[in-house]
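Numbering (our numbering) for the sequence shown: 262 to 555.
These notes concern the structure reproduced below.
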Amino acid sequence: LFPYTTLFRSDSSITNKDRFCAFPIGIYMNRSPLILAMLLLLGCTLVSMPRIVSVRAAGTVFIRADGTVDPETANITRNGDLYTLTNNITSDGDGIVIERNNTVLDGAGFTVQGAGSNGSRGVSFPRTTNVTVRNVKISEFGVGVYLNETSRSTLLESEISGNWVGVSLSGCSNNSIQGNNITSNTKYGILATLYADYNTFSRNRIMGSYSGFRFDYSSTYNLIYENDIVDNQHGILFLLSSSNNWVLHNNLIDNTVFQAFSDASTNVWDDGYPSCGNYWSSYDGIDLLSGVNQ
(Lines of atoms letter the chains of each structure in order from A and count residues from 1; the text may use other names and numbers.)
(Lines give C-alpha, C1' and ligand atoms only; values in the text may rest on other atoms or scores of the structure.)
Protein backbone atom coordinates (compact mmCIF):
# COMPACT_ATOMS: atom_id res chain seq x y z
CA LEU A 1 0.00 0.00 0.00
CA PHE A 2 2.85 2.35 0.81
CA PRO A 3 6.08 2.45 -1.26
CA TYR A 4 8.25 3.63 1.64
CA THR A 5 8.48 3.14 5.38
CA THR A 6 10.63 4.74 8.09
CA LEU A 7 12.87 2.90 10.54
CA PHE A 8 13.16 4.32 14.07
CA ARG A 9 15.95 2.81 16.05
CA SER A 10 15.68 2.49 19.79
CA ASP A 11 19.38 2.71 20.52
CA SER A 12 21.04 5.91 21.68
CA SER A 13 23.02 6.23 18.47
CA ILE A 14 19.96 7.39 16.46
CA THR A 15 20.70 10.32 14.19
CA ASN A 16 18.59 12.83 12.32
CA LYS A 17 19.50 11.02 9.14
CA ASP A 18 18.23 7.75 10.62
CA ARG A 19 15.05 9.35 11.96
CA PHE A 20 13.85 10.77 8.68
CA CYS A 21 15.26 8.26 6.22
CA ALA A 22 12.69 6.33 4.13
CA PHE A 23 13.56 2.87 2.87
CA PRO A 24 11.94 1.28 -0.23
CA ILE A 25 9.97 -1.80 0.77
CA GLY A 26 11.27 -5.02 -0.73
CA ILE A 27 14.83 -3.75 -1.03
CA TYR A 28 15.56 -3.05 2.60
CA MET A 29 13.11 -5.40 4.36
CA ASN A 30 16.00 -7.74 5.22
CA ARG A 31 17.87 -4.97 7.03
CA SER A 32 15.85 -5.34 10.23
CA PRO A 33 13.31 -7.75 11.74
CA LEU A 34 11.63 -4.66 13.18
CA ILE A 35 10.58 -3.47 9.70
CA LEU A 36 9.01 -6.83 8.94
CA ALA A 37 7.12 -6.81 12.25
CA MET A 38 5.81 -3.33 11.58
CA LEU A 39 4.62 -4.26 8.11
CA LEU A 40 2.88 -7.37 9.38
CA LEU A 41 1.14 -5.33 12.08
CA LEU A 42 0.02 -2.72 9.52
CA GLY A 43 -1.31 -5.39 7.17
CA CYS A 44 -3.33 -7.08 9.93
CA THR A 45 -4.77 -3.75 10.98
CA LEU A 46 -5.91 -2.89 7.46
CA VAL A 47 -7.49 -6.32 6.92
CA SER A 48 -9.41 -6.09 10.20
CA MET A 49 -10.85 -2.63 9.50
CA PRO A 50 -14.61 -2.69 8.71
CA ARG A 51 -15.53 -2.16 5.09
CA ILE A 52 -17.37 1.13 4.72
CA VAL A 53 -19.64 1.38 1.68
CA SER A 54 -21.00 4.78 0.72
CA VAL A 55 -24.57 4.51 -0.59
CA ARG A 56 -26.04 7.45 -2.47
CA ALA A 57 -29.61 7.70 -3.66
CA ALA A 58 -30.00 7.78 -7.42
CA GLY A 59 -31.60 10.60 -9.35
CA THR A 60 -34.82 10.57 -11.34
CA VAL A 61 -35.49 7.81 -13.89
CA PHE A 62 -37.28 8.91 -17.07
CA ILE A 63 -39.20 6.90 -19.62
CA ARG A 64 -38.82 9.37 -22.44
CA ALA A 65 -41.39 10.14 -25.11
CA ASP A 66 -39.26 8.28 -27.68
CA GLY A 67 -39.32 5.15 -25.50
CA THR A 68 -35.78 5.28 -24.13
CA VAL A 69 -34.99 4.82 -20.45
CA ASP A 70 -32.84 7.59 -18.99
CA PRO A 71 -30.39 6.77 -17.52
CA GLU A 72 -29.75 3.53 -19.38
CA THR A 73 -28.37 1.94 -16.20
CA ALA A 74 -31.71 2.26 -14.34
CA ASN A 75 -33.31 -0.91 -12.97
CA ILE A 76 -35.90 -1.09 -15.77
CA THR A 77 -36.11 -3.38 -18.79
CA ARG A 78 -38.20 -2.70 -21.91
CA ASN A 79 -40.19 -5.07 -24.08
CA GLY A 80 -42.16 -2.99 -26.55
CA ASP A 81 -44.67 -0.91 -24.59
CA LEU A 82 -43.97 -2.82 -21.35
CA TYR A 83 -41.39 -1.51 -18.89
CA THR A 84 -40.57 -3.72 -15.90
CA LEU A 85 -38.61 -2.96 -12.75
CA THR A 86 -35.77 -5.40 -12.12
CA ASN A 87 -34.86 -4.11 -8.66
CA ASN A 88 -35.74 -1.38 -6.18
CA ILE A 89 -35.20 2.24 -7.16
CA THR A 90 -34.17 4.91 -4.68
CA SER A 91 -34.14 8.61 -5.39
CA ASP A 92 -33.28 11.83 -3.60
CA GLY A 93 -35.63 13.67 -5.98
CA ASP A 94 -38.52 12.38 -8.08
CA GLY A 95 -38.62 8.62 -8.63
CA ILE A 96 -39.91 7.70 -12.11
CA VAL A 97 -41.35 10.13 -14.66
CA ILE A 98 -43.26 8.61 -17.58
CA GLU A 99 -43.32 10.93 -20.62
CA ARG A 100 -44.47 8.32 -23.13
CA ASN A 101 -48.10 7.62 -24.09
CA ASN A 102 -49.40 4.04 -24.42
CA THR A 103 -47.02 2.67 -21.80
CA VAL A 104 -47.24 -0.01 -19.10
CA LEU A 105 -44.95 0.17 -16.07
CA ASP A 106 -44.91 -3.08 -14.10
CA GLY A 107 -43.26 -2.73 -10.72
CA ALA A 108 -42.94 -6.52 -10.35
CA GLY A 109 -43.38 -6.00 -6.61
CA PHE A 110 -40.30 -3.79 -6.27
CA THR A 111 -40.17 -0.49 -4.37
CA VAL A 112 -39.65 3.09 -5.52
CA GLN A 113 -38.24 4.75 -2.40
CA GLY A 114 -37.84 8.49 -1.85
CA ALA A 115 -35.93 10.62 0.64
CA GLY A 116 -38.98 12.13 2.35
CA SER A 117 -39.07 15.47 0.53
CA ASN A 118 -42.57 16.99 0.34
CA GLY A 119 -41.80 18.38 -3.11
CA SER A 120 -40.96 15.02 -4.66
CA ARG A 121 -43.09 12.53 -6.62
CA GLY A 122 -42.70 8.79 -6.65
CA VAL A 123 -44.19 7.86 -10.03
CA SER A 124 -45.65 10.61 -12.20
CA PHE A 125 -47.15 10.56 -15.66
CA PRO A 126 -48.08 14.15 -16.48
CA ARG A 127 -49.87 15.12 -19.70
CA THR A 128 -49.91 11.56 -20.98
CA THR A 129 -52.58 9.23 -22.31
CA ASN A 130 -53.14 5.51 -21.85
CA VAL A 131 -50.49 4.80 -19.22
CA THR A 132 -50.81 1.90 -16.78
CA VAL A 133 -48.79 1.63 -13.57
CA ARG A 134 -49.21 -1.66 -11.69
CA ASN A 135 -47.79 -3.83 -8.94
CA VAL A 136 -45.34 -1.30 -7.51
CA LYS A 137 -44.61 -0.12 -3.96
CA ILE A 138 -44.08 3.61 -3.52
CA SER A 139 -43.08 5.35 -0.29
CA GLU A 140 -41.41 8.41 1.25
CA PHE A 141 -42.32 11.02 -1.39
CA GLY A 142 -44.33 14.22 -1.25
CA VAL A 143 -46.81 12.59 -3.63
CA GLY A 144 -46.67 8.85 -4.21
CA VAL A 145 -48.40 8.82 -7.63
CA TYR A 146 -49.01 12.05 -9.52
CA LEU A 147 -51.32 12.52 -12.50
CA ASN A 148 -51.52 15.99 -14.03
CA GLU A 149 -53.67 16.60 -17.12
CA THR A 150 -53.54 12.86 -17.66
CA SER A 151 -56.29 10.86 -19.37
CA ARG A 152 -57.35 7.23 -19.88
CA SER A 153 -54.66 5.96 -17.52
CA THR A 154 -54.68 3.43 -14.69
CA LEU A 155 -53.04 2.85 -11.31
CA LEU A 156 -53.56 -0.80 -10.44
CA GLU A 157 -52.81 -3.15 -7.54
CA SER A 158 -50.02 -1.09 -5.98
CA GLU A 159 -49.01 -0.20 -2.44
CA ILE A 160 -48.76 3.52 -1.77
CA SER A 161 -47.70 4.26 1.80
CA GLY A 162 -45.70 6.67 3.94
CA ASN A 163 -45.99 9.66 1.59
CA TRP A 164 -47.40 13.13 2.29
CA VAL A 165 -50.16 12.48 -0.29
CA GLY A 166 -50.77 8.98 -1.61
CA VAL A 167 -52.29 9.70 -5.04
CA SER A 168 -52.93 13.13 -6.56
CA LEU A 169 -54.98 13.89 -9.68
CA SER A 170 -55.01 17.43 -11.00
CA GLY A 171 -56.97 18.46 -14.08
CA CYS A 172 -57.37 14.81 -15.07
CA SER A 173 -60.19 12.91 -16.73
CA ASN A 174 -61.22 9.32 -17.44
CA ASN A 175 -58.59 7.65 -15.28
CA SER A 176 -58.95 4.58 -13.04
CA ILE A 177 -57.44 4.13 -9.57
CA GLN A 178 -58.26 0.52 -8.80
CA GLY A 179 -57.38 -2.20 -6.31
CA ASN A 180 -54.60 -0.36 -4.46
CA ASN A 181 -53.54 -0.28 -0.81
CA ILE A 182 -53.18 3.42 -0.02
CA THR A 183 -52.21 3.51 3.63
CA SER A 184 -50.49 5.70 6.23
CA ASN A 185 -50.06 8.72 3.97
CA THR A 186 -49.82 11.80 6.16
CA LYS A 187 -52.25 14.27 4.56
CA TYR A 188 -54.50 12.63 1.96
CA GLY A 189 -54.92 9.12 0.70
CA ILE A 190 -56.35 10.36 -2.61
CA LEU A 191 -56.59 14.02 -3.65
CA ALA A 192 -58.61 14.97 -6.75
CA THR A 193 -58.45 18.68 -7.52
CA LEU A 194 -58.71 21.38 -10.19
CA TYR A 195 -61.43 19.91 -12.40
CA ALA A 196 -60.54 16.27 -11.96
CA ASP A 197 -63.59 14.79 -13.75
CA TYR A 198 -64.98 11.43 -14.87
CA ASN A 199 -62.43 9.36 -12.95
CA THR A 200 -63.15 6.02 -11.27
CA PHE A 201 -61.87 5.06 -7.82
CA SER A 202 -62.76 1.47 -7.04
CA ARG A 203 -61.81 -1.35 -4.67
CA ASN A 204 -59.03 0.58 -2.96
CA ARG A 205 -58.18 0.35 0.73
CA ILE A 206 -57.55 3.86 2.01
CA MET A 207 -56.41 3.89 5.60
CA GLY A 208 -54.55 5.92 8.20
CA SER A 209 -54.46 9.42 6.64
CA TYR A 210 -55.74 12.81 7.76
CA SER A 211 -58.36 12.54 5.00
CA GLY A 212 -59.02 9.38 3.02
CA PHE A 213 -60.47 11.16 -0.04
CA ARG A 214 -60.53 14.86 -0.82
CA PHE A 215 -62.30 16.28 -3.87
CA ASP A 216 -62.09 20.04 -4.40
CA TYR A 217 -62.05 22.86 -6.97
CA SER A 218 -64.96 21.60 -9.06
CA SER A 219 -63.95 17.96 -9.38
CA THR A 220 -67.12 16.38 -10.75
CA TYR A 221 -68.70 13.27 -12.26
CA ASN A 222 -66.33 10.88 -10.51
CA LEU A 223 -67.34 7.38 -9.42
CA ILE A 224 -66.21 6.32 -5.92
CA TYR A 225 -67.14 2.65 -5.74
CA GLU A 226 -66.49 -0.30 -3.40
CA ASN A 227 -63.62 1.28 -1.48
CA ASP A 228 -62.70 0.56 2.14
CA ILE A 229 -62.20 3.96 3.78
CA VAL A 230 -60.93 3.07 7.24
CA ASP A 231 -59.32 4.72 10.28
CA ASN A 232 -58.72 8.15 8.79
CA GLN A 233 -59.62 11.36 10.61
CA HIS A 234 -61.91 12.37 7.73
CA GLY A 235 -63.30 9.63 5.55
CA ILE A 236 -64.26 11.58 2.43
CA LEU A 237 -64.48 15.33 1.70
CA PHE A 238 -66.27 17.19 -1.08
CA LEU A 239 -65.32 20.88 -1.20
CA LEU A 240 -65.56 23.90 -3.50
CA SER A 241 -68.34 22.86 -5.86
CA SER A 242 -67.27 19.26 -6.31
CA SER A 243 -70.72 17.99 -7.26
CA ASN A 244 -72.38 15.25 -9.29
CA ASN A 245 -70.05 12.55 -7.99
CA TRP A 246 -71.40 9.06 -7.29
CA VAL A 247 -70.45 7.46 -3.96
CA LEU A 248 -71.71 3.87 -3.83
CA HIS A 249 -70.99 0.56 -2.09
CA ASN A 250 -68.13 1.94 0.00
CA ASN A 251 -67.34 0.91 3.56
CA LEU A 252 -66.79 3.97 5.76
CA ILE A 253 -65.41 2.53 8.98
CA ASP A 254 -64.09 4.25 12.12
CA ASN A 255 -63.09 7.54 10.55
CA THR A 256 -62.69 9.48 13.77
CA VAL A 257 -63.67 13.13 13.12
CA PHE A 258 -66.35 12.47 10.53
CA GLN A 259 -67.12 9.81 8.00
CA ALA A 260 -68.02 12.28 5.24
CA PHE A 261 -68.26 16.04 4.83
CA SER A 262 -69.70 18.08 1.97
CA ASP A 263 -69.38 21.85 1.50
CA ALA A 264 -71.05 23.61 -1.44
CA SER A 265 -71.30 20.25 -3.19
CA THR A 266 -74.22 17.95 -4.05
CA ASN A 267 -73.49 14.30 -4.75
CA VAL A 268 -75.27 10.95 -5.08
CA TRP A 269 -74.91 8.64 -2.06
CA ASP A 270 -77.64 6.10 -2.81
CA ASP A 271 -78.65 4.72 -6.18
CA GLY A 272 -81.87 3.12 -4.98
CA TYR A 273 -82.77 -0.55 -4.86
CA PRO A 274 -81.09 -2.84 -5.78
CA SER A 275 -77.88 -0.81 -6.22
CA CYS A 276 -78.28 1.00 -2.87
CA GLY A 277 -75.74 3.14 -1.00
CA ASN A 278 -72.84 2.70 1.43
CA TYR A 279 -71.99 1.02 4.74
CA TRP A 280 -71.48 3.41 7.67
CA SER A 281 -69.92 1.99 10.84
CA SER A 282 -71.13 5.00 12.81
CA TYR A 283 -74.82 4.49 12.00
CA ASP A 284 -76.54 3.87 15.32
CA GLY A 285 -80.10 3.49 14.06
CA ILE A 286 -82.00 0.36 13.10
CA ASP A 287 -82.03 -1.01 9.57
CA LEU A 288 -85.80 -1.44 9.28
CA LEU A 289 -86.22 -2.52 5.69
CA SER A 290 -84.66 -5.00 3.28
CA GLY A 291 -85.42 -6.06 -0.25
CA VAL A 292 -87.72 -3.99 -2.45
CA ASN A 293 -88.42 -0.45 -1.22
CA GLN A 294 -85.62 -0.46 1.33
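Cβ atoms here follow ideal geometry from the backbone N, Cα and C, with glycine treated the same way.
Keep in mind that this is a model prediction, so the values were computed, not measured.
Whether residue i touches residue j by CB criterion (8 Å)
i	j	result
T338	T347	yes
T351	A319	yes
N435	R464	no
L343	V365	yes
E410	G432	yes
L501	A525	yes
N493	N528	no
L416	V428	yes
I324	R361	yes
Which of helix, strand or coil DSSP assigns to residue i
i	result
R339	strand
V404	strand
K398	strand
M546	Note that residue 546 is Gly in the sequence shown here, rather than Met. Three-state result, G546: coil.
H510	coil
F476	strand
S420	Here the sequence assigns Glu to residue 420, which means Ser is not the residue at that position. E420 falls in the strand class under three-state DSSP.
W541	strand
I325	The amino acid occupying residue 325 in the given sequence is Arg; Ile does not appear at that position. R325: coil per DSSP, three-state reduction.
A525	coil
F386	coil
D355	coil
V330	strand
N505	coil
G450	strand
Residue i - containing beta strand (DSSP E), residue span
i	result
D458	From DSSP, D458 is part of no beta strand (DSSP E); its letter is neither H nor E.
T415	T415 to L417
F499	H495 to F499
G552	Premise fails: G552 is in no beta strand (DSSP E) and is neither H nor E.
Y534	It is not in any beta strand (DSSP E) - Y534 carries neither H nor E in the DSSP assignment.
T364	T364 to D367
D489	D489 to V491
N379	Taken as a continuous stretch (DSSP letters only), N379 belongs to no beta strand (DSSP E), as it is neither H nor E.
Y486	L484 to Y486
V518	Segment: none, V518 is in no beta strand (DSSP E) and carries neither H nor E.
G427	V426 to S431
R466	R466 to M468
CA-to-CA distance, residue j to residue i, given in whole angstroms
i	j	result
T267	R382	Per-residue confidence for T267 stands at a pLDDT of 38, beneath the threshold of 50, marking its modelled position as unreliable; the derived number appears in the next sentence. Taking the straight line from one Cα to the other gives about 56 Å.
D458	S503	9 Å
G377	S385	16 Å
G450	Y471	8 Å
N488	I467	7 Å
G370	N396	5 Å
T372	L452	22 Å
W425	G473	12 Å
N511	Y540	6 Å
S542	D515	6 Å
E418	L513	21 Å
S437	S445	21 Å
P535	G552	8 Å
V394	V358	11 Å
I485	G341	33 Å
N336	G356	12 Å
T345	D545	48 Å
L549	G538	15 Å
P387	G328	15 Å
T454	T517	24 Å
G423	G469	10 Å
T389	Y407	12 Å
F462	V392	16 Å
Y478	N460	15 Å
W530	R475	16 Å
heavy atom of the ligand GDP below 7 Å from residue i C-beta
i	result
W425	This structure does not include the ligand GDP; it has no bound ligands of any sort.
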